[in-house]
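Heads up, the thing below is written out as structure tokens.
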Ligand SMILES: Nc1ncnc2c1ncn2[C@@H]1O[C@H](COP(=O)(O)OP(=O)(O)OP(=O)(O)O)[C@@H](O)[C@H]1O
Ligand SMILES: [Mg+2]
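Residue numbers (our numbering): 8 to 411.
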């Protein structure tokens, strides 16, 4: 165990990778009663909410009610992620710099708003859509199509029955995680992630195709600005509504020509950003999370960081983010070079077959190095060794930071 505070780690439900280092338990992440019963049975000392579905189901509420320290917000505070309309209202009310927006349920009204901006808008499903519910448009035709697909054809189901339209912003993006106990915010190092499916930032948005840390334009001062102008005001505004947020508040930011703007919040660690940030953290993550859960973060020493860089490349199933096949046998995992960490996501252990794919984003190869260039080569050397039919990954992750 990397933390002295930890004897044993359980993952519910876990995957083919966590099974090798923790105990997988066959309980869905959003099975509230199942998780509370398990926590009681094992007398858990800390519960960390992983996916947004656990936050949305109210796993945090139920566990806190039962007396367990939880790292992850209650359902109501988690609306910063589960409702884009709630998040934008919070930002507006707290004076957080962000794109102008309006909420719509009527397609014609939405189109009028988009036409006033020549179609240069982002059309967002209000609810959760696995990172695929945002359509960034550049023309009136594109905006009309995006609005129709959500509000008329209902291609995102109920998640898209309310949409948020935002003015379109430009600039590089940055992700900053803020650990918080509901009062104090302690930031982690910044990361840049790659949301588009294809090389050169082409193709549809995905849950994330890669990330690296630290980005050259994401130094300490920028992180401090994110805390001062975005994360701390958000936590304070939530508290003012009676919503105590304990966990990690993830700020998606854009560095626009007129300054830093908030794009979105997530209510949990996001992949693959966390996979390039956490390996660089030298402080004890369990101690940090426990302090957030207990509510005395102000007394915690500032996290220490390695000067090494990390680059993560996500290996996905062919066809992702559209349709893809699962159940493909994974090979090459015993042949991963030193300095590379493999984080599993959608893998499953099947007796006789071994590890097989079980979703779109299968795993991330994270390379560490003295600088981004070295880390990138390490990540590529890991990704190329992972083989399964249809495997695909982007080769241009972090290239901007190394030139060429
Ligand atoms: N107002 C905007 N202007 C320009 N681009 C935008 C805007 N809003 C969102 N985007 C682009 O769309 C991406 C996804 O938007 P957003 O982060 O709101 O969606 P999400 O589905 O919640 O993403 P995630 O899976 O990272 O949580 C952003 O990273 C950004 O590239
Ligand atoms: Mg989000």
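Note that the Cβ used here is the ideal one computed from N, Cα and C, for glycine as well.
As the structure is a computational prediction, the values presented were derived from the model and not from experiment.
Residue i and residue j: beta carbons closer than 7 Å?
i	j	result
residue 110	residue 121	no
residue 382	residue 389	no
residue 311	residue 280	no
residue 126	residue 153	no
residue 129	residue 147	no
residue 23	residue 354	yes
residue 272	residue 55	no
residue 258	residue 237	yes
residue 386	residue 318	yes
residue 364	residue 341	no
residue 203	residue 210	yes
residue 232	residue 176	no
residue 336	residue 372	no
residue 95	residue 108	yes
residue 124	residue 173	no
residue 305	residue 191	yes
residue 313	residue 287	yes
residue 16	residue 29	yes
residue 245	residue 84	yes
residue 242	residue 186	no
residue 398	residue 370	no
Once the 5 residues before and after residue i are set aside, which same chain residues still bring their CB inside 8 Å of it?
i	result
residue 297	12, 52, 53, 76 and 78
residue 205	401
residue 133	90, 91, 92, 110, 166, 167, 168, 169, 170 and 171
residue 404	201, 216, 217, 218, 219, 318, 319, 320, 383 and 386
residue 1	Within the shown structure, residues of the chain are numbered from 8 to 411, placing residue 1 beyond reach of any answer.
Might you give, ordered along the chain, the residues of its own chain that have their beta carbon closer than 7 Å to the beta carbon of residue i, omitting 5 neighbours on each side?
i	result
residue 39	64, 65, 66 and 69
residue 135	59, 63, 89 and 166
residue 114	154, 155, 158 and 159
Sorry if obvious, but does the Cβ on residue i come closer than 6 Å to a heavy atom of ligand 1?
i	result
residue 241	no
residue 161	no
residue 141	yes
residue 118	no
residue 352	no
residue 138	yes
residue 21	no
residue 175	yes
residue 429	Any property of residue 429 remains undetermined from this structure, which presents the chain solely from 8 to 411.
residue 95	no
residue 202	yes
residue 129	yes
residue 305	no
residue 106	yes
Give the secondary structure of residue i by DSSP, where H, G and I count as helix, E and B as strand, and everything else as coil.
i	result
residue 299	helix
residue 200	strand
residue 341	helix
residue 227	helix
residue 129	strand
residue 383	helix
residue 141	strand
residue 109	strand
residue 315	coil
residue 236	helix
residue 402	coil
residue 372	strand
residue 243	helix
residue 15	coil
residue 361	strand
residue 388	helix
residue 353	coil
residue 309	coil
residue 124	coil
residue 218	strand
Is any heavy atom in ligand 2 found nearer than 6 Å to the beta carbon of residue i?
i	result
residue 212	no
residue 271	yes
Can you give me the Cβ contacts of residue i inside the same chain, cut-off strictly under 6 Å, excluding the 5 residues immediately before and after it?
i	result
residue 400	320, 322 and 390
residue 339	392, 393 and 394
residue 293	10, 12 and 13
residue 71	77
residue 277	257
residue 327	367
residue 21	31
Under the criterion of a Cβ to heavy atom distance below 6 Å, does residue i qualify as lining ligand 4?
i	result
residue 129	Ligands present in the displayed structure are limited to ligand 1 and ligand 2, and ligand 4 is not among them.
At which residue ranges does the stretch 250 to 301 contain complete alpha helix (DSSP H) runs of 4 or more residues, listed in the order of the chain? Taken in chain order, the complete alpha helix (DSSP H) segments of 4 residues or longer contained in the stretch 250 to 301 are 280 to 284 and 292 to 301.
Residue ranges of each beta strand (DSSP E) run of no fewer than 3 residues wholly in the stretch 146 to 216, ordered along the chain? Whole beta strand (DSSP E) segments, 3+ residues: 170 to 174, 180 to 187, 192 to 194 and 199 to 205.
Quick one: which unbroken alpha helix (DSSP H) runs of 4-plus residues sit fully inside the stretch 21 to 52? Chain order, please. As far as the stretch 21 to 52 is concerned, its whole alpha helix (DSSP H) runs of at least 4 residues are 39 to 49.
Considering only residues of the stretch 44 to 93, which uninterrupted beta strand (DSSP E) runs meet the minimum length of 3 residues and lie entirely inside it, listed in chain order? Secondary structure in the stretch 44 to 93: no beta strand (DSSP E) run of 3 residues or longer lies completely within the stretch.
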